[in-house]
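For the sequence shown, the residue numbers in my numbering are 24 to 258.
Beta carbons: idealized from backbone N, C-alpha and C, even for Gly.
Every value quoted in this text rests on a predicted model; they were computed, and no experiment measured them.
Beneath this line is the structure, given in structure tokens, with notes to follow.
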Amino acid sequence: MTEPSKQHAPPAREGPPAGLVESLKSMGEIAGVLTGIAFITGWLYWSTYYSAFGLNPLELGFSVAVVSVSPIQVVLRDWRFAQFAHHWGVMTALGVYIAMNIVLAVLFVQFRTGHHPRGPFRAKMMLGALAAGMFGGGYVLGLYDSGVDAGCNSRLPNVAFLTSATNPPTEADAAASCLDNELTCKLVLHANNTYYYFQDPECAEDTAGVAAGLSTAALPDIEVRMIRVQRTIGW
Numbered sequence: 024m025t026e027p028s029k030q031h032a033p034p035a036r037e038g039p040p041a042g043l044v045e046s047l048k049s050m051g052e053i054a055g056v057l058t059g060i061a062f063i064t065g066w067l068y069w070s071t072y073y074s075a076f077g078l079n080p081l082e083l084g085f086s087v088a089v090v091s092v093s094p095i096q097v098v099l100r101d102w103r104f105a106q107f108a109h110h111w112g113v114m115t116a117l118g119v120y121i122a123m124n125i126v127l128a129v130l131f132v133q134f135r136t137g138h139h140p141r142g143p144f145r146a147k148m149m150l151g152a153l154a155a156g157m158f159g160g161g162y163v164l165g166l167y168d169s170g171v172d173a174g175c176n177s178r179l180p181n182v183a184f185l186t187s188a189t190n191p192p193t194e195a196d197a198a199a200s201c202l203d204n205e206l207t208c209k210l211v212l213h214a215n216n217t218y219y220y221f222q223d224p225e226c227a228e229d230t231a232g233v234a235a236g237l238s239t240a241a242l243p244d245i246e247v248r249m250i251r252v253q254r255t256i257g258w
């Protein structure tokens, strides 16, 4: 008499190799760390930059994505401006800054994913050096760019307004002429339904590097009937 056939359970599926899982986990951790450093660097730059114009960066509402990728855009913009203005010293400093950060980032990834006995310690050293370099660069670039944009070589766009107020400010109120549709002001930022601007400094050929030294004014959207913006091209 034959025995009934026994049903065999299907073989268990094998999971991904442990080495692959560990590699993906390590790469995710590295990406998170580098993104965090980029975010802090961008925040240091923009907070330093806008604080120089008398604005509170905590009230401007920058998104995490914009702040995190902004260091790349800032460095490229400063490089183009320095090349356009023949500021070779600035180009050299930016080149050293870029190369240093790339080398430190590559070394950090190499030591973090490698199997060297002292790899974790060396990865921490590279990470500390990378963070210090990027944070310091963000702060210094924020100071440098705000000084340039507040002076006679400003890269900020020119702006002119026509106000819709019933009694618009006049020269007797020490109002800027750009409120009378003249392109005599620099637009710092438009945020929170408000335009932030300052009046152009009076520049001569021998004072091209002197900062404006003028306070930033605010104009709500509700008081603006028309606006003209003139941007500078070339960098």
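- A contact between stretches requires three or more CB pairs, one per stretch, nearer than 8 Å, and the segment 57-71 meets this requirement with the segment 155-171.
- For T58, the closest alpha carbon among the candidates G160, P180, D168, A154 is that of A154.
- For L164, the enclosing alpha helix (DSSP H) has its first and last residue at 142-172.
- With 16 or more neighbouring CB atoms inside 10 Å of its own CB, A183 falls in the buried class.
- With contacts defined as CB atoms closer than 9 Å, N215 and G84 qualify as a contacting pair.
- Where R100 is concerned, the enclosing alpha helix (DSSP H) starts and stops at 87-107.
- Rounded to the nearest whole angstrom, the C-alpha separation of L150 and I250 is 46 Å.
- Between S200 and Q222, the C-beta gap is smaller than 9 Å, which places the two residues in contact.
- Annotation: the continuous beta strand (DSSP E) that includes T186 extends over 181-186.
- Rounded to the nearest whole angstrom, the C-alpha separation of I121 and M157 is 9 Å.
- Following the DSSP letters along the chain, one finds F221 inside the beta strand (DSSP E) bounded by residues 217-222.
- The Cβ atoms of L179 and K209 lie closer than 9 Å to each other.
- Across the structure, I125 and T217 are spaced so that their CA atoms are roughly 38 Å apart.
- When secondary structure is reduced to three states using DSSP, L212 falls in the strand class.
- By the neighbour-count criterion, in which a residue is buried when 16 or more other Cβ atoms sit within 10 angstroms of its Cβ, P94 is buried.
- Here DSSP, grouped into helix, strand and coil, assigns R248 to strand.
- Using a Cβ distance threshold of 9 Å, A108 and L117 do not count as a contacting pair.
- Relative to the Cα of V247, the nearest Cα in the group Q253, T207, L185 belongs to L185.
- In this structure, R135 and I53 form a Cβ contact; the two beta carbons are roughly 6 Å apart against a cut-off of 8 Å.
- Listed as beta-bridge partners of P243 by DSSP are T217.
- Straight across, the Cα-Cα distance linking T207 with V89 is about 29 Å.
- DSSP places N124 in the uninterrupted alpha helix (DSSP H) bounded by 111-136.
- Considering only Q96, V171, H213, I245, the residue with the shortest C-alpha distance to P224 is V171.
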